[in-house]
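Structure follows, in structure tokens:
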């Protein structure tokens, strides 16, 4: 029971950290390009230290693995870089709440991308979840007023950010044999060129307040928050972590209101609830399958990934990787 309570405490801490990210991105005065470069640089340095110390890898060994697997790491890094860039742009263009809502459609996009990546056709429950999330996205849009023309565009960019992020599990699952820390480090490293391409146009002036916000985003949220979440995903069942993960959206909306005074309308709350419900509907149906419940061991669950339909096999594959005891870092948000 003490271990269970410890995991729930980690969930609470990680949820607060993740929920604070949209408000921090909105509040920091530097633009999306400079923010991405600073945040990814801090994350890359942190993961390099983790690889060199925690995993006992020297820099020459890391370089050798980089040369062998650079194509995969490049694909993961570019996908992740586009996720961050579009997420930042969504928040800067619209609002922290609209950016968080758009990104939170990730779960309903996962079965559709799984179909595209060859994991099989989604079930009807997944498609109902997509429809519910689309309705929720429409509810979240405020009434258009002068000076608020970027809300719809910001929401669409946020949804695109969710698309890029939903593609990451598929890329990771295709190459799950590689060291998880190596893939996470490469993801940060190869995401940098996405932002460096726009470095000449970046606004680099930074106040002391901006520096603290960048440190919070790059170290506290990305490294500490995700490290805690990986431990949680290892200790708790996937069904529970899936539900707990969607506490991040209401946490973001609440912290946006408390920290930076963003309006939280009843329609926005209702739309966010529809998106959370759509995500859970899209992802939880396959996990209630009797075949999944009957598979008790990792070996039995691994065998099921070859037998079940696509949207049932994909969550199992993600669960098996998340339960790997060698995981000490994760794919940041």
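Numbering (full-length UniProt numbering), first residue to last: 1 to 333. Backbone N, C-alpha and C define an ideal beta-carbon position, used for all residues, glycine too.
Beta-carbon contacts of residue i that lie in its chain and below 8 Å, excluding the five residues immediately before and after
i, result
"residue 232", "7, 10, 11, 14, 241, 244"
"residue 5", "none"
"residue 37", "192, 195, 196, 199, 202"
"residue 86", "157, 158, 160, 161, 164"
Residue i, DSSP secondary structure in three states
i, result
"residue 69", "coil"
"residue 28", "coil"
"residue 22", "helix"
"residue 117", "coil"
"residue 207", "coil"
"residue 263", "coil"
"residue 123", "coil"
"residue 236", "coil"
"residue 247", "coil"
"residue 282", "helix"
"residue 104", "coil"
"residue 133", "helix"
"residue 334", "Since the first residue shown for the chain is 1 and the last is 333, residue 334 is missing from the structure and cannot be characterised."
"residue 52", "helix"
"residue 41", "helix"
"residue 189", "helix"
"residue 199", "helix"
Residue i classed as buried or exposed, judged by whether at least 16 other C-beta atoms fall within 10 angstroms
i, result
"residue 262", "buried"
"residue 71", "exposed"
"residue 89", "buried"
"residue 265", "exposed"
"residue 212", "exposed"
"residue 169", "buried"
"residue 308", "With a pLDDT of 42 at residue 308, under the threshold of 50, the modelled position of that residue is not reliable, and the figure given next carries that caveat. Buried, by the Cβ-count rule."
"residue 138", "exposed"
"residue 64", "exposed"
"residue 17", "buried"
"residue 221", "buried"
"residue 121", "exposed"
"residue 84", "buried"
6 Å Cβ shell around residue i - same chain, five flanking residues per side excluded
i, result
"residue 155", "98, 102"
"residue 259", "23"
"residue 32", "88, 89, 92"
"residue 251", "15, 19"
Assumed close pair residue i, residue j - CB separation to whole angstroms, cut-off 8 Å
i, j, result
"residue 107", "residue 282", "6 Å"
"residue 140", "residue 271", "4 Å"
"residue 159", "residue 105", "5 Å"
"residue 188", "residue 95", "The pair is not a contact, with the Cβ atoms about 27 Å apart (cut-off 8 Å)."
"residue 171", "residue 76", "5 Å"
"residue 35", "residue 25", "7 Å"
"residue 278", "residue 130", "7 Å"
"residue 113", "residue 167", "6 Å"
"residue 66", "residue 73", "7 Å"
Contact set for residue i: own chain, Cβ-Cβ below 7 Å, skip 5 residues either direction
i, result
"residue 207", "29"
"residue 255", "19, 20, 23"
"residue 27", "213, 260"
"residue 218", "38, 39, 42, 43"
"residue 133", "105, 108, 274, 275, 278, 279"
"residue 117", "170"
"residue 216", "24"
Residue i: CB within 6 Å of a non-hydrogen atom of the ligand MN
i, result
"residue 65", "Judged by which ligands are present, the structure shown has none, so any question about the ligand MN falls away."
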